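*Asks:* Below you will find the structure I want to go over with you.
Number of protein chains: 2
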Amino acid sequence: MKRFSVASYLPILDWGRTYSARTLTGDLVAAVIVTIMLIPQSLAYALLAGLPPVVGLYASILPLLIYALFGTSRTLAVGPVAVVSLMTAAAVSEVAAPGSAEYVAAAALLALISGAMLLVLGLFRLGFIANLLSHAVISGFITASGILIAVSQLKHILGVSAGGRNLVEIVVSISGTLGQINVHTLAIGMVSVGFLFWVRTGLKPLLMKTGLSPFVAGLVSRAGPVIAVAVSILAVLTFDLADKGVRIVGEIPAGLPPLHLPMIDMSLVLGLIGPAALISVIGFVESVSVAQTLAAKRRQTITPNQELVGLGAANIASAFSGGYPVTGGFARSVVNFDAGAETPAAGAFTAIGIALASLFLTPLLYFLPIATLAATIIVAVLSLVDFAALKRTWAYSRHDFAAMITTIVVTLAVGVEAGVVTGVGLSIALLLWRTSRPHIAIVGQVPGTEHFRNVKRHEVVTDPRILSLRIDESLNFANARTIEDFILNEIAQRPSVRHLVLQCTAVNEIDGSALESLELIMHRLSDQGIALHLSEVKGPVMDRLKRASFLEHLTGGVYLTHYQAMAALAVGFAGEACPPDRSARASEPHS
Amino acid sequence: MKRFSVASYLPILDWGRTYSARTLTGDLVAAVIVTIMLIPQSLAYALLAGLPPVVGLYASILPLLIYALFGTSRTLAVGPVAVVSLMTAAAVSEVAAPGSAEYVAAAALLALISGAMLLVLGLFRLGFIANLLSHAVISGFITASGILIAVSQLKHILGVSAGGRNLVEIVVSISGTLGQINVHTLAIGMVSVGFLFWVRTGLKPLLMKTGLSPFVAGLVSRAGPVIAVAVSILAVLTFDLADKGVRIVGEIPAGLPPLHLPMIDMSLVLGLIGPAALISVIGFVESVSVAQTLAAKRRQTITPNQELVGLGAANIASAFSGGYPVTGGFARSVVNFDAGAETPAAGAFTAIGIALASLFLTPLLYFLPIATLAATIIVAVLSLVDFAALKRTWAYSRHDFAAMITTIVVTLAVGVEAGVVTGVGLSIALLLWRTSRPHIAIVGQVPGTEHFRNVKRHEVVTDPRILSLRIDESLNFANARTIEDFILNEIAQRPSVRHLVLQCTAVNEIDGSALESLELIMHRLSDQGIALHLSEVKGPVMDRLKRASFLEHLTGGVYLTHYQAMAALAVGFAGEACPPDRSARASEPHS
C-alpha cells in the first residue's frame, strides 16, 4: 500500500515542477485547436441535454481549470460529451419541465451530485465499482446511445417540435409532425450533415494533395464544424432565414459563468440520485479508458482513483458555475494529444479560450441555426455506433453477446437508465451462472509420467479404488453445491472407490460456503468409508484452511503433488487383490 | 446430457419395482413414529403461520402423498416446518387480516405460487438458482429466524395478545401487554417448556439406564411433545383452565381436507410473488441439504432438479387441499431415517396416519392449550440458533462473516424477506469484489529448474527485459480493468522491459471484456515497443481464443510452457549487451 501524500491527491505538484517553455508551446498550440473544436461542440451538446447553448460554454471553463489541478491524465480533454448529455436530458426531464429555469438548475444539481459521488469514490479508492460495467454493456450502451442521440436530433434537421425518451417514442413523435417540416431548416440541416460527413472522410486526403502534411491536414479537418457554423450563420443573414421559420440560437448572454451555490432541493436530489450514479460511472469508465490509451502511448500512467477525484472536482465546479455534468471526451482528447498537449495546463488554456469566446464571441452566434448544431451532433455520434462489435462478440462469447444485445434493445426501447441497469444485471447473473458451473475433470495418470490429465481428453490410467478430480475454478458459494452434487453422484456410480483426491491446481480461493461444502462432502464420504484427500493446494489457500478446523479432522491427507498422493495411496493398497491399473476411457461409458 | 425419460420425472417407477415386505415393514414403523411426532408439530406450525391448527393437519396429508410420487429422496419427511411457517406469516399478514378467511385463502395461494415456481424451476432444470444463497446467509437466516420465532411465541406462553414482524416490534408489543399476563397460561407454558427441554437432554439417558437401547430411547424421547400435549389437555380439563382465561385450540373440524381450487386474485398474486420466491428457494435449499445428507449415509443420491418437481407438486397439492407452504423438515426426516424408512412410501403412510388423526382425533384436541403448542415451537426452534457459526466464520472468512451478521441483523431488525435479500445482495457484491481483485504474481525462474514462482515468495532469477506475470484468476469483466491497470503500471516502472509474458496456468476462462482488455493491453504495449506473449494457456481457453482475431495479430507468441517462452525470448536477445540474469528480490523495492 502506498502511503498518503498530498502530491498523490494534487498531481499538479508533480508535473508543475518540470514545466518549461517547450511544454508551454505544446500546450498552447493544443489549446487553440481544442478551443476551436469545443465551441460548436459545447453549444451542440448543451442543446442535446435540453439546455440553453450558453450552459455548454459554462461547462467548458471552470471544470477544465479544476481538472488541470486534480486530474492525472496529461492529455484528457474534459467538458460536455454526447452520451452524458443524453443521460442528463433523460434524467432532468423526469424532474423538471424542459425549457424552464428549474430544468437548468436541476442539470447543475445533477452535476453536483455526480461530482460528489465521484469524489467520494475517489477519496475512498472505490474505483473498482466501475468494473461492474463490462465491455459488452458499455459497447452496447454507446451504440444504442449513438442511435438514440442521432434520431433525437432529426427534429432539429426537419424543423419540427417532437419529443420522446426512447426510440419508439421519438419515432412516433416525429412521424406525427411531418406535415410541419420547414424546408429552409431541412436544407441547412441536410447540407450541414453532408458537409460534415465529407469533412470526416474526404477533406483530409484533399488537403494532403495540396501539399499539407497528414498531421496538419488532420488538424485542419477538425475545424469542419466551425466552418459549418460560420457558413450557416452567413446563410441565415444573407437569406433572412430567421424570418422564414429557421430556428436560431438567439441571444447568448455574454460574460463569464455566474458563480453560485446550486439550488439543493431534497426531493430533487432523491429523484436525481440514481441517474447521477449511472452518469458518474459511465462518464468515469469512458474517461479513464481514453486517458489510459493516450497515457500508454507515451509510457505514462494514470491513477484511476485519482481520476475519480479529478472528474468529481470538475463536476462540482461545473455545478457551481451554471454548467452540467462533464467528463473526458474521446475525440477532443485525441485531438489534444495529437496537437501536442504535454500537461493538464493545455486544458487550463482551453478554458481560457472558451472564457474569451463567452466574453466576446456570443453576439456572432446569434444567427447560428439550431439545425447546424444538430448536424454536428449527428455526424459526431454516428461514429459511436459499432454494429461490428455485435458480430465479433457473438463469435467469441454468447454471454457477452446476450449482455450487449440486451443493453442495446432495452436502451432503445425503454431508455438509457433501464438499458444500463438491465445490462449490468444480466452480466452479473451470467457471471454467477458460469461460476456456478465449474469445469470438473476426472483425471488419470499419463503413463510413464508424473502428469495427470482429463480422462476424456487423454489416454490415461486410473485406479478403480481412487477417484481423482480437478476442479478448474475457485470454490465459492455459487458453485459449492454444484461440486457437492457432482462428487456425490460420481461416487454413487463407483462402488469400488475408497479414496477421493481433489487436485487443487486451479483453486485460487475457498470461501466459507465452499469450506462447509467440503466438510459436508467429507462427512458424507466418511459415512461410506471413503477418505477425502487434497493435492497441490496453493499457498494462500492453505494458509486460510489452517485457520479452520477442517484440516484437523480431514479423513485423508494433503499432498504437495498429485503424483505423491497417488503413490502414497497405492502403498496403502499393497497386497490387496484389486488390479492396480485400468484404462479410464474404457470404464467411463458416460459422464 | 441425459435423455428425457418418464422415470426421471416419476421416481416412484424406479423404487416401486423393487418394493418388498421388508421395505414395507421399515416404512410402516417409520410412518407410525413420524405421525406421532407430526401431529403436535403440524398444529403448532400452523399456529406460528397465523393459521387455524387444522390447516397444519391438511398440509400434512396430500402434500406427503404427492411428494412420494415425485420426490427423489427416500427418507425426506415433507410437511409444515418452522422457518417456512414464519415466512408464511410475514408474507400473508401483508395482504390479509390475521384470523380472517382471506388470510387462510392467501396462505393456500402462497403455496400454489411457490409450488408453481418450484415446478417451473425443476422442469427447466434451473435448480442452480439456489446456489445464490451462500451457507453464510442461510446459516445467519436460520439463526435469526429461530430467535424471531421463539420471541414471537412468548405471547402465547404469557397469555397476552401481541404482534410485530421483527424483533423490535415484537418486544415493544409484548412489553406493552405485560399487565395482562394470565398466570394459568404462564404456568402451563413454563412447565411445558421445562419438560420439553428436559426431554431433549435428560430423557434419553434416563431411558437408557432403564435398559432400553440407545436407538429405542432416542425414538421414545421424540414423543415428548405428544406427552406434553396429552398432559396439558388433562390439566385444562381437571382444573377448568379454559374458564380461567387459558386459550385453547377449540373445535377443529373433523374430516379430510376439502379439495378445491385456491382463490386466485391477481392483486394478491402480485403481492405474494416476491415472498413466494424466497420461500421456494429457502425451503428448497434446506430440504435438499437434509435429503442429500441422509442419502449419502446409504450411498444413495438425490436429483436436486427433480426435488424441485417433487416439492413443487407437494406445494400445489397443499394449495388444493386447504394447506399452506410445505417443505422437507430436518428433525422429522432424521427421525424417519433412523426409524427405518426405506422408500417414499413411508411418507405416504404418514399421510394416512395424519388423515386418520384428522378424522378421529380432533375432538380430543379441543382442550389443548395454545401455550403448550407455543412451548413445542420454542424448544424446537432454539436448536436452530447457532451463534458458534459466527465465531467459526469470523475465523475463516471476513466476507462470509459480514454476509452472515448482516443477514442476522437485518432479519431481526427489519424482517425475514429483507434479511435474505440483503444477505444475498451482499454475498454477490463481495464475490464480485474478490473477483475484481485477482492475485497477480510477478514470477521468476527457480534457478536450475523449469519452474517459475512468485518473486516475493521465492529466490528466483528474472531478466530485466522480460516481465513474467501469473494471474491467479479467470479473466472476466469484473477484473479486466484491474489487470489492465496492474500491467500498465508495472510496465511504466520498468523502462527496460521489451517482452511481457502472461502465464495462464490459473486462467480457466477469458470472457469478452477480458479479451478486449487483452487487446487494449497489447496495443498499449505495442505503442511502447513491447511484445505480449502467452504461456500455458488451457485447452478450452485456447479453443475459444481461436474464434477471435486476437491471436492473429498477437505481437508475441503462445508457448506451451513458460520455460519454453523464456528460452525462446532469451534466444532473441543473443548477442545483446544486457546482463542475462539478476536477482529479482534485489530489484523489487516495492510493489
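Heads up: the protein sequence lines correspond to chains A and B, in order.
The letter at position 33 of the first sequence is residue 33 when you use my numbering, and the numbering goes up by one with no holes.
The letter at position 443 of the second sequence is residue 443 when you use my numbering, and the numbering goes up by one with no holes.
Even for Gly, the Cβ is constructed at its ideal location relative to N, Cα and C.
Remember, predicted model here, so these are calculated numbers, not experimental data.
1) Using the DSSP secondary-structure output, state which residues sit across from PHE452/B in a beta bridge.
2) How about THR594/B: is its C-beta nearer than 7 Å to some C-beta of chain A?
3) Can you list, in chain order, the residues of its chain whose CB lies under 8 Å from that of ILE428/B, leaving out five sequence neighbours each side?
4) Does DSSP classify LEU534/B as helix, strand or coil?
5) Could you check whether the segment 385 to 396 of chain A touches the segment 107 to 119 of chain A, counting it as contact only if at least three pairs of C-beta atoms, one from each stretch, sit closer than 8 Å?
6) Is the number of C-beta pairs between the segment 350 to 361 of chain A and the segment 122 to 129 of chain A that are closer than 8 Å three or more?
7) Beta carbons nearer than 9 Å to chain A: which residues of the segment 522 to 541 of chain B have them?
8) With C-beta atoms as the reference, is PRO369/B less than 7 Å away from ILE188/B?
9) Given that a residue counts as buried once 16 or more other Cβ atoms are within 10 Å of its Cβ, and exposed if not, what is ARG17/B?
10) Take GLY415/A as the anchor and find which of TYR67/A, PHE477/A and SER93/A has the nearest alpha-carbon.
11) Ignoring anything shorter than 4 residues or poking outside the segment 398 to 481 of chain B, list the alpha helix (DSSP H) runs there in chain order.
12) Evaluate LEU43/B with the Cβ neighbour count: other Cβ atoms within 10 Å of its Cβ, from every protein chain shown; 16 or more gives buried, anything less gives exposed.
13) To the nearest angstrom, report how far apart GLY340/A and ALA395/B are at their CA atoms.
14) Indicate the three-state DSSP secondary structure (helix, strand or coil) for GLN592/B in the structure shown.
15) List the residues of chain B that SER73/A touches, going by C-beta distances under 7 Å, in chain order.
16) Within 7 Å (strictly less), CB to CB, does HIS135/B reach chain A?
17) Any idea which residues DSSP pairs VAL78/A with across the strands?
18) Consult DSSP for SER591/A and reduce its assignment to one of helix, strand or coil.
19) Taking 7 Å as the cut-off, decide whether the C-beta atoms of SER145/A and LEU64/A are in contact.
20) Do you know offhand how far GLY283/A's Cα is from ALA77/A's?
21) What's the C-alpha gap between ALA91/B and THR362/B?
22) Span of the alpha helix (DSSP H) holding LEU525/A?
23) If I follow the unbroken alpha helix (DSSP H) through PRO225/B, where does it start and stop?
24) Less than 7 Å between the beta carbons of THR185/A and GLY159/A, yes or no?
25) Who does ILE248/A pair with in a DSSP beta bridge?
26) Given 8 Å as the limit, is there contact between the segment 50 to 64 of chain A and the segment 103 to 111 of chain A, that is, 3 or more CB pairs closer than that?
27) Using the Cα positions of LEU500/B and LEU121/B, report the straight-line distance between them to the nearest angstrom.
28) When the Cβ atoms of the segment 475 to 487 of chain A are set against those of the segment 442 to 460 of chain A, are three or more pairs found closer than 8 Å?
29) Skipping 5 residues on each side, what residues in its chain have a beta carbon closer than 6 Å to that of ALA59/A?
30) At a Cβ threshold of 7 Å, is GLY122/A touching chain B?
31) Quick one: grab the DSSP three-state call for ARG559/B.
32) For GLY26/A, which of PHE550/A, GLY347/A, ALA331/A and ALA295/A has the nearest alpha-carbon?
33) Tell me which same chain residues have a C-beta within less than 6 Å of the C-beta of PHE401/B, skipping the five on either side of it?
34) Mind checking the segment 471 to 504 of chain A against chain B and listing, in chain order, the residues whose C-beta falls within less than 8 Å of any C-beta there?
35) Contact criterion: CB-CB distance below 7 Å. Does TYR563/A meet it with respect to chain B?
*Replies:* In brief:
1) What you label residue 452/B is simply residue 452 of the second sequence in a count that begins at 1. PHE452/B is bridged to GLN445/B.
2) Within the shown structure, residues of chain B are numbered from 1 to 591, placing residue 594/B beyond reach of any answer.
3) Sequence index remark: in the second sequence, residue 428/B carries index 428 (1-based). So the list reads LEU132, once near-sequence residues are dropped.
4) Here residue 534/B refers to the residue found at position 534 when the second sequence is read from its first residue. LEU534/B sits in a strand when the DSSP states are folded into three classes.
5) Judged by Cβ distances under 8 Å, the segment 385 to 396 of chain A makes no contact with the segment 107 to 119 of chain A, as fewer than three pairs qualify.
6) Short answer: they don't touch.
7) Near chain A, meaning a CB-to-CB distance below 9 Å, the residues of the segment 522 to 541 of chain B are HIS523, ARG524, LEU525, ASP527, GLN528, LYS538, GLY539 and PRO540.
8) Reading the second sequence from its first residue, position 369 is the one you call residue 369/B. Reading the second sequence from its first residue, position 188 is the one you call residue 188/B. Closer than 7 Å, so yes.
9) Within the second sequence, residue 17/B is the residue found at index 17, counting from 1. In the assembly as shown, ARG17/B is an exposed residue. Its beta-carbon has fewer than 16 other beta-carbons within 10 Å.
10) Residue mapping note: residue 415/A aligns to position 415 of the first sequence, counting from 1. The residue among TYR67/A, PHE477/A and SER93/A with its C-alpha nearest the C-alpha of GLY415/A is SER93/A.
11) Entirely contained in the segment 398 to 481 of chain B, the alpha helix (DSSP H) runs reaching 4 residues are, in chain order, 398 to 413 and 416 to 436.
12) As a working mapping, residue 43/B is identified with position 43 in the second sequence. Burial call: buried.
13) Taking the first residue of the first sequence as 1, we reach residue 340/A at position 340. Taking the first residue of the second sequence as 1, we reach residue 395/B at position 395. Approximately 55 Å between the Cα atoms of the pair.
14) Any answer about residue 592/B is impossible in this case: the structure gives chain B only from 1 up to 591.
15) For the purposes of this step, residue 73/A is identified with residue 73 of the first sequence, where counting begins at 1. Within 7 Å Cβ-Cβ: nothing; SER73/A doesn't reach chain B, min ~13 Å.
16) For the purposes of this step, residue 135/B is taken as the residue at position 135 of the second sequence. Chain A has a Cβ within less than 7 Å of the Cβ of HIS135/B.
17) Translated into the one-based positions of the first sequence, residue 78/A becomes position 78. Per DSSP, the beta bridge partners of VAL78/A are GLY328/A.
18) As a position in the first sequence, residue 591/A is number 591, starting the count at 1. Unreliable positioning characterises SER591/A in this predicted model, as indicated by a pLDDT of 32, which lies under 50. The coordinate reading is nonetheless provided below. Note: SER591/A maps to coil in three-state DSSP.
19) Looking up residue 145/A in the first sequence gives position 145. Looking up residue 64/A in the first sequence gives position 64. Result no, Cβ atoms of SER145/A and LEU64/A do not sit closer than 7 Å.
20) Locating residue 283/A in the first sequence gives position 283, counting from the first residue. Locating residue 77/A in the first sequence gives position 77, counting from the first residue. The alpha-carbon of GLY283/A is positioned some 13 Å away from that of ALA77/A.
21) Reading the second sequence from its first residue, position 91 is the one you call residue 91/B. Reading the second sequence from its first residue, position 362 is the one you call residue 362/B. ALA91/B and THR362/B have their C-alpha atoms some 28 Å from each other.
22) As a first step, residue 525/A must be located in the first sequence, where it is residue number 525. Its alpha helix (DSSP H) spans residues 512 to 527.
23) To locate residue 225/B, count along the second sequence from 1; it is residue 225. Counting along the chain, the alpha helix (DSSP H) containing PRO225/B begins and ends at 224 to 239.
24) If you number the first sequence from 1, residue 185/A lands on position 185. If you number the first sequence from 1, residue 159/A lands on position 159. Yes.
25) Against the first sequence, residue 248/A aligns to sequence position 248. Paired residues: PRO369/A.
26) A contact exists between the segment 50 to 64 of chain A and the segment 103 to 111 of chain A.
27) Here residue 500/B is taken as the residue at index 500 of the second sequence, counted from 1. Here residue 121/B is taken as the residue at index 121 of the second sequence, counted from 1. Our two residues, LEU500/B and LEU121/B, have alpha carbons roughly 47 Å apart in a direct line.
28) Per the Cβ contact rule, the segment 475 to 487 of chain A is not in contact with the segment 442 to 460 of chain A (fewer than 3 Cβ pairs under 8 Å).
29) For the purposes of this step, residue 59/A is taken as the residue at position 59 of the first sequence. Within the same chain, ALA59/A has close Cβ partners PRO80, SER318, GLY323, TYR324 and VAL326.
30) As a first step, residue 122/A is located in the first sequence; it is residue number 122 there, counting from the start. With 7 Å as the cut-off, GLY122/A does not count as an interface residue toward chain B.
31) The residue you call residue 559/B lines up with position 559 of the second sequence. Checking the displayed sequence, the identity of residue 559/B turns out to be Tyr instead of Arg. Strand at TYR559/B.
32) The sequence position of residue 26/A within the first sequence is 26, counting from 1. Closest option to GLY26/A, Cα to Cα, is GLY347/A.
33) The residue given as residue 401/B occupies position 401 in the second sequence. Around PHE401/B: THR393 and TRP394.
34) So the list reads ASP472, GLU473, SER474, ASN476, PHE477, ALA478, ASN479, ALA480, ARG481, THR482, GLU484, ASP485, LEU488, ASN489, ILE491, ALA492 and PRO495, given in the order they occur along the chain.
35) As a working mapping, residue 563/A is identified with position 563 in the first sequence. False, the Cβ-Cβ gap to chain B never drops below 7 Å.
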